[in-house]
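Participant:
Number of protein chains: 2
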Amino acid sequence: MKSSSNHSQQPVAASPSAIDVVVREVGLRDGLQLVPYTVSTEVKLAWLRAEAAAGVSHFEVSSFVSKRVMPQFADAEIVAAEAIKMPQLNAGALALNGRGAERAIEAGVHTLIYVISASQTHSGGNAGRDTDQALGEFRQIMARVRELPSNERPQVLAGVATAFGCTLEGRIEPTRVRELMSAMAEEGPDTMALADTVGYAHPSQVRQLCQQVMADIGSLPLGVHLHDTRGLGLANAYAALEAGVTAFDSALGGLGGCPFAPGASGNIATEDLVHMLEAEGLRTGVDLDRLLEVRRQLPEWLPDVELRGALALAGPPDWSPAQRPASA
Amino acid sequence: MKSSSNHSQQPVAASPSAIDVVVREVGLRDGLQLVPYTVSTEVKLAWLRAEAAAGVSHFEVSSFVSKRVMPQFADAEIVAAEAIKMPQLNAGALALNGRGAERAIEAGVHTLIYVISASQTHSGGNAGRDTDQALGEFRQIMARVRELPSNERPQVLAGVATAFGCTLEGRIEPTRVRELMSAMAEEGPDTMALADTVGYAHPSQVRQLCQQVMADIGSLPLGVHLHDTRGLGLANAYAALEAGVTAFDSALGGLGGCPFAPGASGNIATEDLVHMLEAEGLRTGVDLDRLLEVRRQLPEWLPDVELRGALALAGPPDWSPAQRPASA
Chain A
1262 MKSSSNHSQQ PVAASPSAID VVVREVGLRD GLQLVPYTVS TEVKLAWLRA EAAAGVSHFE
1322 VSSFVSKRVM PQFADAEIVA AEAIKMPQLN AGALALNGRG AERAIEAGVH TLIYVISASQ
1382 THSGGNAGRD TDQALGEFRQ IMARVRELPS NERPQVLAGV ATAFGCTLEG RIEPTRVREL
1442 MSAMAEEGPD TMALADTVGY AHPSQVRQLC QQVMADIGSL PLGVHLHDTR GLGLANAYAA
1502 LEAGVTAFDS ALGGLGGCPF APGASGNIAT EDLVHMLEAE GLRTGVDLDR LLEVRRQLPE
1562 WLPDVELRGA LALAGPPDWS PAQRPASA
Chain B
1262 MKSSSNHSQQ PVAASPSAID VVVREVGLRD GLQLVPYTVS TEVKLAWLRA EAAAGVSHFE
1322 VSSFVSKRVM PQFADAEIVA AEAIKMPQLN AGALALNGRG AERAIEAGVH TLIYVISASQ
1382 THSGGNAGRD TDQALGEFRQ IMARVRELPS NERPQVLAGV ATAFGCTLEG RIEPTRVREL
1442 MSAMAEEGPD TMALADTVGY AHPSQVRQLC QQVMADIGSL PLGVHLHDTR GLGLANAYAA
1502 LEAGVTAFDS ALGGLGGCPF APGASGNIAT EDLVHMLEAE GLRTGVDLDR LLEVRRQLPE
1562 WLPDVELRGA LALAGPPDWS PAQRPASA
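Note that the protein sequences, when read in sequence, are chains A and B.
Quick note on the working numbering: the first sequence kicks off at 1262 and runs consecutively.
Quick note on the working numbering: the second sequence kicks off at 1262 and runs consecutively.
1. State buried or exposed for A1337 (chain A), treating a residue as buried only when at least 16 other CB atoms are found within 10 Å of its CB.
2. Run through the stretch 1479-1558 of chain A for me and flag every whole alpha helix (DSSP H) of 4 or more residues, listed as ranges in chain order.
3. For the beta strand (DSSP E) containing N1351 (chain B), list its first residue and its last residue.
4. Can you tell me which of the three DSSP states G1304 (chain B) falls into?
5. Can you list, in chain order, the residues of the stretch 1470-1499 of chain B whose Cβ is nearer than 9 angstroms to any Cβ on chain C?
6. Find the residues of chain B that neighbour G1570 (chain A), judging by a C-beta separation of less than 9 angstroms, and give them in chain order.
7. I need the DSSP call for I1345 (chain B), collapsed to helix, strand or coil.
8. Beta carbon of H1463 (chain A), beta carbon of E1541 (chain B): below 8 angstroms?
9. My assumption, with CB atoms under 8 angstroms, is that Y1375 (chain B) sits in contact with F1425 (chain B). Please give the rounded CB distance.
10. To the nearest whole angstrom, what separates the beta carbons of D1489 (chain B) and G1527 (chain B), a pair I think is in contact under 8 angstroms?
11. Kindly give me the distance between the Cβ atoms of L1418 (chain A) and T1372 (chain A), rounded to whole angstroms, as I take these residues to be in contact under 8 angstroms.
12. Which chain A residues are close to A1540 (chain B), counting only those with a beta carbon under 7 angstroms from its beta carbon?
13. Determine whether the beta carbon atoms of D1510 (chain B) and A1571 (chain B) lie at a separation below 8 angstroms.
14. In its own chain, which residues sit with a C-beta less than 8 angstroms from the C-beta of A1512 (chain B), not counting the 5 before and 5 after it?
15. Check the Cβ-Cβ distances between A1512 (chain B) and every residue of chain A, and say whether any is below 8 angstroms.
16. Under the assumption that G1326 (chain A) contacts A1344 (chain A) (Cβ atoms under 8 angstroms), give the Cβ distance between them as a whole number of angstroms.
17. In chain order, what residues of the same chain have a beta carbon less than 6 angstroms from the beta carbon of T1458 (chain B), not counting five sequence neighbours either side?
18. Please report the distance separating the alpha-carbon of D1477 (chain A) from that of A1498 (chain A).
19. Counting only C-beta atoms, is S1526 (chain A) closer than 8 angstroms to chain B at any point?
20. Can you give, in chain order, each stretch of the beta strand (DSSP E) that sits fully within the stretch 1436-1476 of chain B and has at least 3 residues?
21. Residues of the stretch 1318-1342 of chain A in Cβ contact with chain B at a cutoff of 9 angstroms, in chain order, please.
22. Just verifying my parser: in three-state terms, what is the DSSP assignment at F1425 (chain A)?
23. Grab me the residues of V1283 (chain A)'s own chain with a C-beta within less than 6 angstroms of its C-beta, minus the 5 sequence neighbours each way, in chain order.
24. Between A1356 (chain B) and L1549 (chain B), what straight-line distance do the alpha-carbon atoms span, to the nearest angstrom?
25. Could you name the residues of the same chain whose beta carbon sits closer than 7 angstroms to that of G1494 (chain A), not counting the 5 residues immediately before and after it, in chain order?
26. Do you know offhand how far V1438 (chain A)'s Cα is from A1500 (chain B)'s?
27. Could you check whether the Cβ of H1536 (chain B) sits closer than 8 angstroms to any Cβ belonging to chain A?
28. Give a yes or no on whether the C-beta atoms belonging to V1467 (chain A) and M1442 (chain A) are separated by under 8 angstroms.
29. So, A1368 (chain B) versus S1384 (chain B), is the Cβ gap smaller than 8 angstroms?
30. Would you decide whether A1279 (chain B) is buried or exposed? Buried here means 16 or more other CB atoms lie within 10 Å of its CB.
31. Return the residue from the list A:H1536, A:T1545, A:G1359 and A:V1304 that minimises the CA-CA distance to R1405 (chain A).
32. Who pairs with E1575 (chain A) in a beta bridge, going by DSSP?
33. May I ask you to report which of helix, strand or coil DSSP gives I1402 (chain B)?
34. So what's T1372 (chain A) in DSSP terms, helix, strand or just coil?
35. Is the Cβ-Cβ distance between V1547 (chain B) and A1315 (chain B) less than 8 angstroms?
36. Report the CB separation of V1555 (chain A) from A1311 (chain A) in whole angstroms; it is logged as a contact under 8 angstroms.
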């Protein structure tokens, strides 16, 4: 049984007024999906603690999916139980159906993440149900969340995957994505997100769809989850920033990747994202030098996994913050 | 002696009305600077022909520098002589002083490229003179160019290097960059460029400085030369695009790099740039599939050279142009 104290550690960001944008580390979930061996709970928690100590406050720590299908996340309960005890950390976990959501609620995660794929084909493969069935499931989950006592109620992050195109279906109609986002918004999630699951998005497409969705969903904060498969991850993040997006998913070392594109990068690299955001004059709350120290530990924690990202090789520009060029 | 027919192959782009942005391949100059062996003239010309056949129309084919200092470009005259004979191709070459400019003029290049570094320290190391001396040299070169008969007169591309920061000096004052660009503009070059020589730029900085410089130099076309050292190359290119920039330097396979940052990428990869621009709905004149075929030949032409770029690994999105999402 989880205690109500799990949630007393919120508010999530230590001092929300001290940061301008949220960097949400998804390496422990999205990033581990393609690692070809099971990473130990000990390593996951060491990574989580080290990156949190560098100032990253939002994490997707695991996925409450079938342990048979995804043995990588068989320790989801254990990881979540430790994560929610860490100070000033928002521990989120993914659920793809009601059973997963129930496990996440029981585990006491701060944020329950639920994603619907706009692509029927992708939805079928990923969640075992079509898009409308997934929306129905979301409505049931939200009904369940709303009936929880407030001290047991997680925040809900609701998103649409393959929002900018799909390797299986090609073009995804923006109107369909907007319909899904609006339908989810009606259920009262706390934050929302658009995901470029396969790295098909280009900058003006991201800016336009983000602007449209933000107009649709009103005051709900919008984030983006961008894969860098075709090198446009940071350009797309910048376009989202221009649209007013204030939350960005990323994975340390650009983990993620696609099994069908060997060597292609996965998520945007957290260290490269933080560098861009800070260079743009936005406070992330992250200490970039300490984050790069954590990045240097990744090869020990994840042997034989190809890591990406430019900053880990080149280092940050060698000027003090006082020397930093003024942003527009 | 060069014949006046060298220039009769201009106008440079086969059908300027058919392209919206100029992609200028600098792999044969910037990209070869750090290759640790001398590339044969035969290989250079094979690459040039193949990439031109894929629709790239603007090339920086060599550098008229001291053969002793840069043996890589000892064949500059031979490469230029062949390049200017290729149909519908604008062959440009770099010169760092009056002697180099004279050789470029004699060789009959379509475009003479002259760059001043805004960083005194970098200018001293790169060109053997400080910034003001380099500006004086540019004025002399322009006086020489203006006195040439029109059929022997190259176009001139004048640029400022380390325009967004310098590894040696840190911050570079935007006002200094604007002064230099304006002083060069007064001499009547045909196009101008701003270079992020060391990969220090961030997107809003690029957009802002490009906008300011465009206001300063009036109707002169402005291009950008962006290194991807810290992963921001394409984000910066997108920001330049937003500012109204219509010419972009890049190197096939992301060649270039920095000797002090092993593995860090150099210029933005031509194939990734073309993909972004075309996805944005802009016509580059380049056939991306054919360009990727040329990219696949690079490892044969340049053995043991590390190549970068996402698209070569992941491939372009699998949708027809008709399916392509509408741009904003």
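Glycine residues also receive a C-beta, built at the ideal position from the N, C-alpha and C atoms.
These numbers were taken from a predicted model, which means no experiment stands behind them.
Facilitator: By the coordinates alone:
1. Its Cβ being crowded by 16 or more others within 10 Å, A1337 (chain A) is buried.
2. Runs of the alpha helix (DSSP H) lying entirely within the stretch 1479-1558 of chain A and spanning at least 4 residues, in chain order: 1494-1504 and 1531-1540.
3. Segment N1351 to A1356, the beta strand (DSSP E) holding N1351 (chain B).
4. Gly is not the amino acid found at residue 1304 (chain B); the sequence shown has Val there. In the displayed model, V1304 (chain B) falls within a helix according to three-state DSSP.
5. Absent from the structure: chain C. Protein chains present are A and B.
6. Going along chain B in sequence order, the residues near G1570 (chain A) (Cβ under 9 angstroms) are G1492.
7. In the three-state reduction of the DSSP assignment, I1345 (chain B) falls in the coil class, being assigned neither a helical nor a strand state.
8. Yes, these two residues count as a Cβ contact at 8 angstroms.
9. In fact, because the Cβ distance is near 19 angstroms, the residues do not count as touching under 8 angstroms.
10. About 7 angstroms separates the two Cβ atoms, so the contact holds.
11. Sure, about 5 angstroms apart at Cβ, within 8 angstroms.
12. Taking a Cβ-Cβ threshold of 7 angstroms, the residues of chain A close to A1540 (chain B) are H1463, in chain order.
13. No, these two residues do not count as a Cβ contact at 8 angstroms.
14. If we look at A1512 (chain B) and ignore the five residues flanking it on each side, its Cβ neighbours are E1286, V1287, G1288, D1291, G1292, G1527, N1528, I1529, A1530 and T1531.
15. Output row for A1512 (chain B): interface = no.
16. Just to set this straight, residue 1326 (chain A) is Val in the shown sequence, not Gly. About 17 angstroms separates the Cβ atoms of V1326 (chain A) and A1344 (chain A), ruling out a contact at the 8 angstroms cut-off.
17. Taking C-beta separations shorter than 6 angstroms and ignoring five residues to either side along the sequence, the partners of T1458 (chain B) in its chain run A1422 and T1423, following chain order.
18. Spanning the two alpha carbons is a distance of roughly 20 angstroms.
19. Among the CB atoms of chain B, one or more fall inside 8 angstroms of the CB of S1526 (chain A).
20. Runs of beta strand (DSSP E) with 3 or more residues, each lying fully within the stretch 1436-1476 of chain B, are found at 1452-1457, listed in chain order.
21. Answer in chain order: no residues at all.
22. Here DSSP, grouped into helix, strand and coil, assigns F1425 (chain A) to coil.
23. Cβ neighbours of V1283 (chain A) within its own chain (closer than 6 angstroms, five residues either side excluded): H1319 and A1508.
24. Near 30 angstroms, if we compare the C-alpha coordinates of L1549 (chain B) and A1356 (chain B).
25. L1487, H1488 and I1529.
26. V1438 (chain A) and A1500 (chain B): Cα-Cα distance of roughly 26 angstroms.
27. Yes, contact with chain A.
28. Cβ atoms of V1467 (chain A) and M1442 (chain A): not closer than 8 angstroms.
29. No, Cβ-Cβ distance for A1368 (chain B) and S1384 (chain B) is not below 8 angstroms.
30. Exposed: under 16 other Cβ atoms inside 10 Å.
31. Of the candidates A:H1536, A:T1545, A:G1359 and A:V1304, the one whose C-alpha sits nearest the C-alpha of R1405 (chain A) is A:G1359.
32. At residue 1575 (chain A) the sequence reads Ala, which differs from the Glu that was named. Secondary-structure assignment with DSSP links A1575 (chain A) through no beta bridge to anything.
33. Look at I1402 (chain B) here: in three-state DSSP terms it is helix.
34. Here T1372 (chain A) sits in strand by DSSP.
35. Their beta carbons are under 8 angstroms apart, which means V1547 (chain B) touches A1315 (chain B) by this criterion.
36. Taking C-beta atoms under 8 angstroms as the contact rule, V1555 (chain A) and A1311 (chain A) qualify, at a distance of about 5 angstroms.
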